[in-house]
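*Asks:* Sequence positions in the sequence shown follow full-length UniProt numbering and run 1 to 267.
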Amino acid sequence: MTYALVTGASSGIGAEFARQLAARGHDLVLVARSGPALETLAATLRQAHGVRAEVLVQDLSAPDAATRVADEVAARGIAVELLVNNAGFGTAGHFARIAPEREHEELMVNVVALVGLTHAFLPGMLARGSGGVVNVGSTAGFNVAPYFATYASSKTFVLNFSLALWSELRGTGVKVLAVAPGPVETPFFDRIGSRQAAIGARLATPELVVATALRAFDRDRGYVVPGRGNLGMAHLMPRRPRKLLALIGRRVTRQVADALTPSPGPG
Numbered sequence: 001m002t003y004a005l006v007t008g009a010s011s012g013i014g015a016e017f018a019r020q021l022a023a024r025g026h027d028l029v030l031v032a033r034s035g036p037a038l039e040t041l042a043a044t045l046r047q048a049h050g051v052r053a054e055v056l057v058q059d060l061s062a063p064d065a066a067t068r069v070a071d072e073v074a075a076r077g078i079a080v081e082l083l084v085n086n087a088g089f090g091t092a093g094h095f096a097r098i099a100p101e102r103e104h105e106e107l108m109v110n111v112v113a114l115v116g117l118t119h120a121f122l123p124g125m126l127a128r129g130s131g132g133v134v135n136v137g138s139t140a141g142f143n144v145a146p147y148f149a150t151y152a153s154s155k156t157f158v159l160n161f162s163l164a165l166w167s168e169l170r171g172t173g174v175k176v177l178a179v180a181p182g183p184v185e186t187p188f189f190d191r192i193g194s195r196q197a198a199i200g201a202r203l204a205t206p207e208l209v210v211a212t213a214l215r216a217f218d219r220d221r222g223y224v225v226p227g228r229g230n231l232g233m234a235h236l237m238p239r240r241p242r243k244l245l246a247l248i249g250r251r252v253t254r255q256v257a258d259a260l261t262p263s264p265g266p267g
């Protein structure tokens with residue numbers, strides 16, 4: 001049995017990936033920390049599309065999370081044909097005032113689990129000569145982002161990692177796509193602790209992001225930036241001097257940091 005496995009499937013972009021993949025006829029493994037939300041979504045997808053939908057509850061910040069997921073999938077006799085590494089979260093504010101434990105969890109989910117799951121399921125795809133990996137990044141990954149230092153850097157990793165694999169795997173039948181959305185109408189900003197993190201941007205919908213991503217995956221595009229308004233952020237700003245970008249970014253994003261944590265003073 002071949003399935004699509006979606007992490008962070010309990011809400012937002014992950015839940016929308018599950019819905020659109022089910023509409024395409026994919027059987028699913030839904031992974032997140034929230035069992036009740038996953039069970040509700042799985043029941044809805046089974047009824048609406050007649051697909052199999054397995055629920056796997058796992059906190060991806062755990063050191064052995066990828067191994068646990070892979071072992072459980074194998075125990076259920078499931079082969080993962082499409083891996084959607086969507087799970088992730090962000091931190092924002094003055095770096096020195098963000099809890100180190102929270103940033104560690106962020107990197108475990110955004111980077112370590114993503115790589116671990118790709119390691120776990122890619123060999124099977126290569127053996128079958130088909131399948132793929134979709135990694136959800138961010139336009140933040142194209143730029144230097146003061147006050148979002150850890151989050152943006154983790155998304156830079158996602159972009160570069162994905163494109164490196166995309167290049168490595170050309171001709172194997174296995175595709176890799178990095179999706180780099182700008183601000184999206186999901187619980188992301190509430191979890192950061194400030195809606196100001198969107199900085200006045202027009203929020204995209206999960207439906208648009210996922211539909212754009214799946215079209216790009218079908219065409220083996222390597223990466224895609226959903227929404228025309230994000231093209232400048234992704235393709236023009238990175239060509240400017242990086243130190244200048246860091247200074248410009250500081251002026252733009254400091255309002256978010258100051259709203260989250262009291263400023264330590266000038267500088």
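A virtual CB, placed ideally from N, CA and C, is assigned to each residue, including glycine.
Span of the beta strand (DSSP E) holding T7?
*Replies:* Note, T7: beta strand (DSSP E), T2 to T7.
*Asks:* Apart from the five residues just before and just after A18, which ones in its own chain have a Cβ nearer than 7 Å to its Cβ?
*Replies:* Contacts found: V6, A9, L28, L30, L41 and L45.
*Asks:* Ordered along the chain, which non-local residues of its own chain (more than five positions away) have a Cβ less than 6 Å from that of S130?
*Replies:* Contacts found: G173.
*Asks:* Does the distance from the CB of A180 to the CB of T139 come in under 7 Å?
*Replies:* Cβ distance < 7 Å, so A180 and T139 count as in contact.
*Asks:* If you draw a straight line from the alpha carbon of G90 to that of M108, how long is it in whole angstroms?
*Replies:* Their backbone Cα atoms lie some 12 Å apart in a straight line.
*Asks:* Output the distance between the C-alpha atoms of R97 and E103, rounded to the nearest integer angstrom.
*Replies:* Roughly 11 Å separates the two Cα atoms.
*Asks:* How is N160 classed by DSSP in three states: helix, strand or coil?
*Replies:* Helix at N160.
*Asks:* Mapping the DSSP letters down to three states, classify A180 as helix, strand or coil.
*Replies:* Residue state, collapsed to three classes: coil.
*Asks:* To the nearest angstrom, report how far apart P226 and K175 are at their CA atoms.
*Replies:* Distance between the alpha carbons of P226 and K175: 18 Å.
*Asks:* Return the chain-ordered list of same chain residues with a C-beta closer than 7 Å to the C-beta of W166, the five sequence neighbours on each side being excluded.
*Replies:* Answer for W166: V176 and G222, listed in chain order.
*Asks:* Using the DSSP secondary-structure output, state which residues sit across from E54 in a beta bridge.
*Replies:* For E54, which the question treats as bridged, DSSP gives the partners V29.
*Asks:* Could you pull the start and end residues of the beta strand (DSSP E) that E81 belongs to?
*Replies:* That run of the beta strand (DSSP E) goes A79 to N85.
*Asks:* Going by CA-CA distance only, name the one from G141, H119 and L83 that's closest to V133.
*Replies:* Measuring from the Cα of V133, the nearest candidate turns out to be L83.
*Asks:* Compute the beta-carbon to beta-carbon distance between V69 and L117, rounded to the nearest angstrom, for a pair I have assumed lies under 8 Å.
*Replies:* Sure, about 6 Å apart at Cβ, within 8 Å.
*Asks:* Checking 7 Å against the spacing of the C-beta atoms, do A178 and L159 come in under that value?
*Replies:* Yes, the Cβ-Cβ distance between A178 and L159 is below 7 Å.
*Asks:* Could you say which of R228, V210 and G50 lies nearest to G25 if we only look at CA atoms?
*Replies:* Closest option to G25, Cα to Cα, is G50.
*Asks:* Return helix, strand or coil for S194, following the three-state DSSP convention.
*Replies:* Annotation note: pLDDT 49 at S194 (below 50); position unreliable, coordinate value reported separately. Of the three classes helix, strand and coil, the one that applies to S194 here is coil, per DSSP.
*Asks:* How long is the line joining the alpha carbons of A23 and D218, rounded to whole angstroms?
*Replies:* If you take the alpha carbons of A23 and D218, they lie about 15 Å apart.
*Asks:* With 16 other CB atoms within 10 Å as the buried threshold, where does P183 fall?
*Replies:* It is buried - the Cβ of P183 has at least 16 other Cβ atoms within 10 Å.
*Asks:* Quick check: D71 and R33, are their CB atoms within less than 7 Å of each other?
*Replies:* No, the pair does not count as a contact, with Cβ atoms beyond the cut-off.
*Asks:* Give me the residue from V73, A65 and N135 with the minimum Cα distance to V210.
*Replies:* For the residues V73, A65 and N135, the minimum Cα distance to V210 belongs to N135.
*Asks:* Give me the DSSP bridge partner(s) of V134.
*Replies:* DSSP, once it has assigned bridges, lists V84 and L177 as partnering V134.
*Asks:* According to DSSP, simplified to helix, strand and coil, what is A204?
*Replies:* Of the three classes helix, strand and coil, the one that applies to A204 here is strand, per DSSP.
*Asks:* What's the C-alpha gap between A198 and A120?
*Replies:* Residue placement at A198 is poorly supported in this model, since its pLDDT is 48, which falls under 50; the coordinates still yield a value, given next. Using only the alpha carbons, I get a separation of about 34 Å.
*Asks:* For P36 and G12, I'd like the C-alpha separation in whole angstroms.
*Replies:* About 15 Å.
*Asks:* I'd like to check one pair, L114 with N85: are the Cβ atoms closer than 7 Å?
*Replies:* A contact, by the Cβ cut-off of 7 Å.
*Asks:* Three-state secondary structure (DSSP) at Y151?
*Replies:* It is helical.
*Asks:* Please state whether the Cβ-Cβ distance between S61 and E105 is less than 7 Å.
*Replies:* Contact flag set, yes.
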